[in-house]
Amino acid sequence: ALLTAVVESDAKRLDQLTAAEATQGDRSVRLETQLHEQQLATAVLTDPEAVQLELSPTSAAHGATGSFAWSASADAAVGNLLGLSPLPFGSEYRVVLSDRFGNYIASARTQVDEVGNAHVTFSTPPGSRPALIVVIATDLDADERTPAGPIVLEGSTN
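In case it helps, this note's numbering puts the sequence shown at residues -4 to 153.
Shown next, in the form of structure tokens:
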């Protein structure tokens, strides 16, 4: 009985250590991601040739505003979204970039804070040139390239 209790205790301890290591690994990945995003944002925002613009609200904006910057030399984009309305469960805001022909370039999911603000940073393919930027309220499982839903904010680099 003592051996069984020791084995069970050790098994529980091993499970706890494995969970702690997984949590530590998750933290490490999150920190690496945050560092990478900070480096991209810094590269975009310090590029004197970066394209910067204010995003225009649509009728679905309900007071939301936003700005966008894209750097060709950094192959990255940064968006700052303010005052986004809460969305129903299973929905999200997504930033989608297209070229001047309407072809998909890149998209990024947002993490909106408790007051409706979101900061999004993402890489763009080398040599791409975003012409249209839209922020869409969409379902979590919507297609990355063509999410359906109302456009909340939009802008053009032309």
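Don't be surprised by glycine CBs; every beta carbon is placed ideally from N, CA and C.
- Counted as a single uninterrupted DSSP element, the beta strand (DSSP E) harbouring S51 occupies residues V46 to P52.
- For R140, same chain residues with a beta-carbon under 6 Å away, outside a window of 5 residues either side, are Y99 in chain order.
- Closest by C-alpha distance to S102, out of Y88, D108, F96 and L35, is Y88.
- Between G111 and A59, the C-beta gap is smaller than 9 Å, which places the two residues in contact.
- Residue range A113 to S118 is occupied by the beta strand (DSSP E) that includes H114.
- For a cut-off of 8 Å, the C-beta gap from S51 to E149 is around 6 Å, short enough to register as a contact.
- In terms of CA proximity to H114, G74 leads the group G74, T37 and D42.
- Take Q106, set aside five residues on each side of it, and the residues of its chain with a beta-carbon closer than 7 Å to its own are A113, in chain order.
- Within the stretch 57 to 125, the beta strand (DSSP E) runs of at least 3 residues that lie entirely inside it are, in chain order, 60 to 66, 71 to 77, 86 to 93, 99 to 104 and 113 to 118.
- Taking the CA atoms as reference points, S93 sits about 6 Å from A126.
- Remark: C-beta atoms of L135 and S86 approach each other more closely than 9 Å.
- Checking the DSSP bridge columns, you'll see G150 partnered with I128.
- Comparing alpha carbon positions, the residue from V129, D70 and D138 closest to S123 is D70.
- T133 is bridged by DSSP to E87.
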